[in-house]
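This report concerns only the one structure given below.
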Amino acid sequence: MSRPDCQHIRNFCIVAHIDHGKSTLADRLLESTGTVEQREMKEQLLDDMELERARGITIKARAVSMLYHRGKEVFELNLIDTPGHVDFHYEVSRSLTCCEGALLLVDAFQGVEAQTVANAYAAMEHDLQIVPVINKIDLSHARTDEVIEEMEQSLAVEPDEVMLASAKSGIGIRELLDVIVDRIPPPDGDPAAGLQAMVFDSHYDRFRGAITYVRIMNGSIQKGEKIKFMRAGTTHEVIEIGQFTPQREACDVLRAGQVGYLICNIKSIDAVHIGDTVSHANEATVEALPGYQEPKRMVYCGLFPSDGQDFEELRDALNRLAINDPSFEFEPETSEALGFGFRCGFLGLLHMEIVQQRLEQESDIDLVQTAPNVTYEIVTNATGKTLEIHRPQEVPDSGEIAEFRQPIVRVNLVQPTEFIGPVMRLCQDRRGIQIRTEYLSPTRTMLTYDLPLAEVIYDLHDKLKSATRGYGTMDYEFMGYQPADLVRLDILVNGNRVDALSVICDKRDADRRGRAVVKKLKGEIDRHMFEVAVQAAIGSRVIARETVPALRKNVTAKCYGGDISRKRKLWAKQREGKKRMKSIGQVDIPQKAFMAVLDTGEEKK
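Mapping of the sequence shown onto the working numbering: position 321 corresponds to residue 321, and the numbering continues sequentially without gaps.
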């Protein structure tokens, strides 16, 4: 690759709602610039993780460098492809920090969706030059003019600035490349200054160690130089540098404005921090870049190996995953029911599901997962201290609680106008407070509600899709903690509290929820040789009970006719045996039972 100067470099990303065609547009740009040959081309080329291809979604942001020849000039275009799902918004925010411009992609039929608005505002906050693009214009049911009107209404986009394209059939791609060069400003770094490079991603290669993805803000870096990670304070020698085209391609030097990777034989996973600044080892005057805000983990759950012997393997697998995805955290914990495992924090429910699947696929570990819950705050009576509660077992007795606070999120719901009624009812059933209603166009509306996060993460997305026949979309942002009337609901099986089944819920919902959970568990727990009582309790007060009947042997089968006292004696003996068995018997609780705690939201009579 010949190395263009700063004026001939453009760094940009593609932001959009999920399924609006980001990865397909990235494919066409790679094809049009000749970065990837036709025979190597495949759909969603940058989604190289097995899970991404299976689900058809982007999970990790990917960087790729392309050379675009326009007349005699050669431009280096660095594209960072980003995910669209609300749970991976942290990936998007990291990509925006490394770019000067963003292509804002909107589907020509679906129009402006909740994530479109959220990502557009995020790009504006980072002062990026936005290029609005309407994709899929070749669809027979495309409504391009109405979508332009929606973009003007909700995002203040000038109609004559909107580019029209079809990523699938390649319409408008050359024009789009010209607009990227003309409208997006070149990076303003100084190649002669001291080295400042932002670490925006990394992954672990078992042969090469940690591979660090960097955007060079100022200065330049060459193979063989000594570099320093400022936050970690460690010094390493650069063994290889290069760019993604889209495979790793080594080069001799990376200059200000360019995006690439460093390999330094880093075997320790703790040495690389995303958001860290890389500088030359001998330069003391270079300041650290501001980095990224720490991601807020919203959902916590326990991950336990189904075979207790795999605990160390699970720890190694989580460590490897953490270098690639810094937005989840974990710490060891023990559970009476499940043994040794880890308490993990995630950005959302999809993020939790993805991490669990990646662990099972990439590390071949069989996992047991407890019901997810959100973080609460409790102000205690005795000391007035505020405690962060990541799991229900940490909740103190009700007499010690001065104030119980729950996380509140502001949810934007975009749907066709005719579904406003069902969506409002959905939010009101979950104790939502309406903030505003906005008309994006005569046929589409955006409702804004403040809702408890616990109500949002479990099933609001699924219920929204059902209520709007699949046309509704949502996006949420964390607002803070607010006091609420909450209690800890415990589940007792055979008189013993199962810590992994406890949940925190609203006091007004506790009775309904408790009844629904024990009913569900009665169906999930296998019958034993003794009667198993399944109870729901708040503190010491039992609010619901179901009984799993015992497996009974017919001990009087051999008695035919004769005196009834003989049968009574056999029944009494059987009762004694069951009683003794019940006092020492262990009840096996299957994995499905831990998730049954969640499936109780809609069993309202």
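Glycine included, every Cβ here is placed at the ideal spot set by N, Cα and C.
In the structure shown, the three-state DSSP call for E531 is coil. Proximity to V74 across C6, C505, D459 and K465 peaks at C6, based on C-alpha coordinates. Burial check for R469: the Cβ neighbour count within 10 Å stays below 16, so the residue is exposed. Non-local C-beta neighbours of H17 in its own chain, meaning closer than 6 Å and more than five positions away in sequence, comprise G84, E113, Q115 and T116, ordered along the chain.
Counting the other Cβ atoms within 10 Å of the Cβ of R206 gives fewer than 16, which makes it exposed. Boundaries around E237 are those of the beta strand (DSSP E), T234 to E237, since no alpha helix (DSSP H) includes it. Contact between the region 449-458 and the region 409-416 is present, with at least three C-beta pairs closer than 8 Å. The region 470-545 contains, as complete alpha helix (DSSP H) runs of 4+ residues, the segments 507-524 (chain order). If you draw a straight line from the Cα of G209 to the Cα of F419, it is about 52 Å long. By DSSP's assignment, I227 forms a beta bridge with H236 and H280. Counted as a single uninterrupted DSSP element, the beta strand (DSSP E) harbouring I263 occupies residues V259 to I263. Put simply, of V272, E524 and Y300 the residue whose alpha carbon is nearest the alpha carbon of P332 is Y300.
The three-state reading of DSSP puts Y560 in coil, since its state is none of H, G, I, E or B.
In this chain, the alpha helix (DSSP H) harbouring H351 covers L349 to S363. Closest by C-alpha distance to S140, out of A122, A120, V15 and S166, is S166. Here V286 really is in contact with G194; their C-beta atoms are around 4 Å apart, less than 8 Å. Between the alpha carbons of V368 and G577 lies a distance of about 33 Å.
For Q428, the secondary structure class from DSSP, reduced to helix, strand or coil, is helix.
Sequence-distant Cβ neighbours of E360 in its own chain, meaning closer than 8 Å and more than five residues away, are D366 and L367. Between F200 and L103, the beta carbon gap of about 18 Å keeps them out of contact (Cβ cut-off 8 Å).
Distance between L155 and V106, taken at the CA atoms: about 12 Å. Around the Cβ of D364, a 10 Å sphere holds fewer than 16 other Cβ atoms; the residue is exposed. Going by DSSP, D182 is part of the alpha helix (DSSP H) stretching over I173 to R183. Per DSSP, the unbroken beta strand (DSSP E) holding I389 starts and ends at T386 to I389. Classified as exposed, T383 has fewer than 16 neighbouring CB atoms from the shown chains inside 10 Å of its CB. One Cα belongs to H236, the other to D310, and the distance between them is close to 33 Å. The residue from V15, R568 and R488 with its alpha-carbon nearest to that of S540 is R488.
A Cβ-Cβ separation of about 4 Å places Q243 in contact with S65 under the 8 Å criterion. Contact between F304 and L349 does not hold, since their C-beta atoms are separated by about 19 Å, which reaches or exceeds 8 Å.
Closest in C-alpha terms to A281, from the list I241, A572, E313 and M230, comes M230. Here L139 carries a coil assignment [DSSP, helix/strand/coil]. T334 is bridged by DSSP to F340. Contact check between the region 377-391 and the region 461-468: fewer than three CB pairs, one atom from each, fall below 8 Å, which does not count as touching.
Under the Cβ criterion (8 Å, minimum of three pairs), the region 127-144 counts as touching the region 160-178. Annotated as proximal: F342 and L314, with beta-carbon spacing under 8 Å.
In the DSSP annotation of this structure, the continuous segment of the beta strand (DSSP E) that includes I401 starts and ends at I401 to P416.
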